[in-house]
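*Asks:* Heads up, this note's numbering is the position in the sequence shown plus 23, with the first residue counted as 1.
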Amino acid sequence: MNTSAATRADSRVALVTCDIFPDLYDDDFPLRDALRDRGLTVEAVRWDDTSVDWASYDLAVLRSPWDYVPRRDDFVAWAHRVPRLLNPADVVAWNTDKRYLDELTSAGVPVTPTTFVSPGSTWTPPAEGEWVVKPTISAGSQDTGRYHLPSQAGLALAHVGRLTAAGRTAMIQPYLAAVDTDGETSVLCLPDANGELTFSHGARKGPMLTGPDEGTLDPGSEVITPRRPTAAQLAVAAKALEAIPGGAKRLLYARVDLIPGPDGEPLLVELELTEPSLFFRTAPAAAGRMADAIVARL
Numbered sequence: 024m025n026t027s028a029a030t031r032a033d034s035r036v037a038l039v040t041c042d043i044f045p046d047l048y049d050d051d052f053p054l055r056d057a058l059r060d061r062g063l064t065v066e067a068v069r070w071d072d073t074s075v076d077w078a079s080y081d082l083a084v085l086r087s088p089w090d091y092v093p094r095r096d097d098f099v100a101w102a103h104r105v106p107r108l109l110n111p112a113d114v115v116a117w118n119t120d121k122r123y124l125d126e127l128t129s130a131g132v133p134v135t136p137t138t139f140v141s142p143g144s145t146w147t148p149p150a151e152g153e154w155v156v157k158p159t160i161s162a163g164s165q166d167t168g169r170y171h172l173p174s175q176a177g178l179a180l181a182h183v184g185r186l187t188a189a190g191r192t193a194m195i196q197p198y199l200a201a202v203d204t205d206g207e208t209s210v211l212c213l214p215d216a217n218g219e220l221t222f223s224h225g226a227r228k229g230p231m232l233t234g235p236d237e238g239t240l241d242p243g244s245e246v247i248t249p250r251r252p253t254a255a256q257l258a259v260a261a262k263a264l265e266a267i268p269g270g271a272k273r274l275l276y277a278r279v280d281l282i283p284g285p286d287g288e289p290l291l292v293e294l295e296l297t298e299p300s301l302f303f304r305t306a307p308a309a310a311g312r313m314a315d316a317i318v319a320r321l
């Protein structure tokens, strides 16, 4: 590790974004400012800007490249071309398809029960209950819908059909009703002084899904407040990190999203390792911790 002032002054860091947020999503402003306070040259760079020489950056950090979904294969190929990318390209390839949930389940992580429907396959809706339908490759809540069965079975079937007809794999999960009262807990993990990915801060996300898919992407609609995760939630997060292929120590960040299941115990909804919001606006000191971790990787 070389963190001398001279080295930092010569270092260039790209915070990777997209056309939707060319100057970064505002939640990442504290990170940008913390890096600049440490003497680094920091630029917001669109991942698909073909004029960019990625080798000219000492490090590229994925932040808000949220338009990659229709071009996921291009995005993964791009990630493999970037000389120094965090999180690493192989993690991006694994984590941008939510079929990774099956691997976590096999590793003993308590995951929301999930059914996958691939193109060419059929799905028979359950007789009753509330269910969530979404594609395995998605960002935010785009292309995601909530359906009450049996009254909305036709809408749910149509949603699955639209996804599979477009060559996408659909996933169906029970709607966990506790989100309406308890919300969703995000466990945010950043490297500690020894480079080990560990709990940094927590957040509560209010419920967002109110009905069938509307095809929109609006990260600003989330209501985020600070929250201290419980011991049980931290234990599930730790187990999820242990199951990451290649290990968690090489990662710069992770977000584990949890909702109480029917028995009140936490279930993993998503393990976000590619481009999660890290909710720095609710935990300003965390931006400094991540900036220090970036400096340590230079």
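Ideal placement from N, C-alpha and C gives every residue a C-beta, glycine not left out.
No experiment lies behind these values; they were computed from the predicted model shown.
Entirely within the stretch 116-204 and at least 3 residues each: give me those beta strand (DSSP E) ranges in chain order.
*Replies:* Fully enclosed beta strand (DSSP E) runs of 3 or longer: 138-140, 152-158, 168-172, 193-197.
*Asks:* Nearest to SER161 by alpha carbon, out of LEU180, ALA179, ALA309, TYR91?
*Replies:* Comparing Cα-Cα distances from SER161 to each of LEU180, ALA179, ALA309, TYR91, the minimum goes to TYR91.
*Asks:* Quick check on DSSP: helix, strand or coil for ILE43?
*Replies:* In this structure, ILE43 counts as coil in the three-state DSSP scheme.
*Asks:* How big is the Cα-Cα spacing for PRO158 and MET194?
*Replies:* Each residue's alpha carbon lies about 6 Å from the other.
*Asks:* Jot down the residue ranges of each uninterrupted alpha helix (DSSP H) in the stretch 43-81, minimum 4 residues, whole runs only, in chain order.
*Replies:* Qualifying alpha helix (DSSP H) stretches, in chain order: 52-60.
*Asks:* In this structure, does DSSP put GLU265 in helix, strand or coil?
*Replies:* Three-state result, GLU265: helix.
*Asks:* Please state the DSSP three-state secondary structure of PRO249.
*Replies:* In this structure, PRO249 counts as strand in the three-state DSSP scheme.
*Asks:* Please confirm whether LEU213 and ARG312 have their CB atoms less than 8 Å apart.
*Replies:* Cβ distance < 8 Å, so LEU213 and ARG312 count as in contact.
*Asks:* How about LEU47 and VAL84: are their beta carbons less than 8 Å apart?
*Replies:* No; because the gap between Cβ atoms is not below 8 Å, this pair is not in contact.
*Asks:* Mark HIS103 as exposed unless 16 or more other C-beta atoms lie within 10 angstroms of its C-beta, in which case mark it buried.
*Replies:* Exposed, because fewer than 16 other Cβ atoms sit within 10 Å of the Cβ of HIS103.
*Asks:* So what's GLY311 in DSSP terms, helix, strand or just coil?
*Replies:* Of the three classes helix, strand and coil, the one that applies to GLY311 here is helix, per DSSP.
*Asks:* Considering only heavy atoms of the ligand PLP, does any lie closer than 7 Å to the CB of VAL246?
*Replies:* Ligands displayed in this structure: none; no statement on the ligand PLP is therefore possible.
*Asks:* Report all residues from its chain with a CB closer than 6 Å to the CB of ALA271; omit the five preceding and five following residues, and keep chain order.
*Replies:* Here the set comprises LEU220, LEU264.
*Asks:* For VAL292, which of helix, strand or coil comes out of DSSP?
*Replies:* Here VAL292 sits in strand by DSSP.
*Asks:* Short of 6 Å in beta carbon distance, which residues of its chain neighbour THR248, apart from the five on each side in sequence? Order them along the chain.
*Replies:* Once the five neighbours on either side are set aside, the close Cβ partners of THR248 are ARG227.
*Asks:* Terminal residues of the continuous alpha helix (DSSP H) containing ASP323?
*Replies:* It is not possible to answer for residue 323, since the shown part of the chain is limited to 24 through 321.
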